[in-house]
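Asks:
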Amino acid sequence: MSAELPIGAQVAVAVLLVLSGVFVLISAAGLLCLKQFFVRMHPPALAYTFGSWCVALASIIYFSVRESSFVLHASLITILLSITVPVTTLLLARVALFRRRVAGIEGTPPPLTAPSAVPRGRESGPSRS
Amino acid sequence: MSSVLSIACLVALGSYALASVLVLVRLIAGPRAQDRVLALDLLYLHGMLVMLVLGIRYGSDIYFEGALLIALFSFVSSSAMAKFLLRGEVIE
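Sequences listed follow chains H and D, in order.
For the record, in the first sequence the residue sitting at position 100 is 99 according to numbering that gives the first Met the number 0, with numbers rising by one throughout.
For the record, in the second sequence the residue sitting at position 25 is 24 according to numbering that gives the first Met the number 0, with numbers rising by one throughout.
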């Protein structure tokens with residue numbers, strides 16, 4: 000390692016890294032311990048937002064201080080995650096709802112597009128166009 | 000690499016490893032398929048964070064592109080698997 004960073008930047012980067020580790024650990028424990036799927040979808044948001052933001056900020060601080068100019072390319076990752084993660088989460092929620100409906104579990108809300116449709120029981124498969 | 004930064008990188012990598020083990024338990028024991036897709040998506044995120052922390056640890060720019068690629072693959076694979084579970088086919 001060529002250049003040593005000033006101690007303030009070192010402490011800032013270290014604190015951000017440890018904080019991101021704590022957030023990721025909390026989200027993984029929540030994913031493991033919670034009971035239902037729709038409740039279980041919430042803890043990963045902690046890792047997607049705070050975990051990745053802390054690491055990206057630490058990377059920005061580290062490379063900016065080391066090269067004495069603004070190096071902002073780690074913020075690309077936060078932008079990419081903030082675009083793609085809601086799409087995946089929404090798709091997974093729809094998957095869970097659809098599969099509950101196909102399996103005929105009680106308490107599943109009916110689809111909004113067909114108000115009279117009761118939850119369809121054991122049909123042949125999930126092929127629906 | 001100073002000792003403060005080195006210890007912080009080790010702590011972060013260790014907690015990512017522990018979190019990956021916890022998520023892996025959910026991936027194996029998940030009661031339904033959507034639990035497994037969610038756990039796999041979170042494992043991709045852990046890999047991406049490990050790449051970023053390794054970039055800080057070794058002071059190299061190369062790891063950033065790997066992290067970006069992992070984020071892209073995470074989105075593509077998770078959405079493809081979710082589409083498959085929703086429709087029974089990926090491309091209609």
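C-beta: ideal position from N, C-alpha, C; glycine also.
Following the continuous alpha helix (DSSP H) through L41 of chain D, name the residue where it begins and the one where it ends.
Replies: L41 of chain D -> alpha helix (DSSP H) spans A32 to Y57.
Asks: Counting only beta-carbon atoms, is Y15 of chain D nearer than 8 Å to chain H?
Replies: Taking Cβ atoms only, chain H reaches closer than 8 Å to Y15 of chain D, which makes this a yes.
Asks: Quick check on the DSSP output: the alpha helix (DSSP H) that includes V20 of chain D runs from which residue to which?
Replies: Taken as a continuous stretch (DSSP letters only), the alpha helix (DSSP H) holding V20 of chain D covers S2 to A28.
Asks: Here's a check: name, in chain order, each residue in its chain whose Cβ is nearer than 8 Å to the Cβ of T77 of chain H, leaving out the five neighbours to either side.
Replies: Within the same chain, T77 of chain H has close Cβ partners S51, W52 and A55.
Asks: For a test of the three-state rule: what should DSSP assign to Q35 of chain H, helix, strand or coil?
Replies: Coil, per DSSP.
Asks: Where do the ends of the alpha helix (DSSP H) carrying V101 of chain H lie?
Replies: Residues S74 to A102.
Asks: Going by DSSP in three states, M0 of chain H sits in which element: helix, strand or coil?
Replies: Legend: pLDDT at M0 of chain H = 47, less than 50; position of this residue unreliable, value from coordinates given subsequently. In this structure, M0 of chain H counts as coil in the three-state DSSP scheme.
Asks: Report the rounded CA-to-CA distance for Y15 of chain D versus V49 of chain D, giving the unit in angstroms.
Replies: Each residue's Cα considered, the two are about 7 Å apart.
Asks: For P43 of chain H versus L41 of chain D, is the C-beta distance shorter than 8 Å?
Replies: Going by C-beta atoms, P43 of chain H is nearer than 8 Å to L41 of chain D.
Asks: Could you say which of H:T48, H:G20, H:L30 and H:R100 lies nearest to P85 of chain H if we only look at CA atoms?
Replies: When each option's Cα is compared against that of P85 of chain H, the closest is H:T48.
Asks: Between G103 of chain H and chain D, is there a C-beta pair that is closer than 8 Å?
Replies: G103 of chain H does not count as touching chain D.
Asks: Starting from the C-beta of L45 of chain H, find all residues in its chain whose C-beta is less than 7 Å away, skip the five residues before and the five after it, and write them out in chain order.
Replies: So the list reads F22, I25 and S26, once near-sequence residues are dropped.
Asks: What three-state label does DSSP hand E105 of chain H in the structure shown?
Replies: E105 of chain H falls in the coil class under three-state DSSP.
Asks: Listed in chain order, which residues of the segment 63–75 of chain D have Cβ atoms closer than 8 Å to some Cβ of chain H?
Replies: The residues in question are F63, A66, L67, A70, L71, S73 and F74.
Asks: Could you list which residues in chain D have their beta carbon closer than 9 Å to that of I76 of chain H, in chain order?
Replies: Residues of chain D passing the Cβ test: M47, L51, F63, A66, L67 and A70.
Asks: If we ignore side chains and look at the alpha-carbon of each, how far apart do I99 of chain H and L44 of chain D end up?
Replies: It is Arg, not Ile, that sits at residue 99 of chain H in the sequence shown. Those two C-alpha atoms are separated by around 27 Å.
Asks: If you run the structure through DSSP and keep just helix, strand and coil, what is R121 of chain H?
Replies: Here R121 of chain H scores only 49 on pLDDT, less than 50, and its place in the model is too uncertain to base an answer on.
Asks: Helix or strand or just coil, what does DSSP make of F74 of chain D?
Replies: Here F74 of chain D sits in helix by DSSP.
Asks: How about A7 of chain D and A13 of chain H: are their beta carbons less than 8 Å apart?
Replies: A contact, by the Cβ cut-off of 8 Å.
Asks: Who are the neighbours of S59 of chain D on chain H, taking C-beta pairs under 9 Å?
Replies: None at all; the shortest Cβ gap to chain H is about 10 Å.
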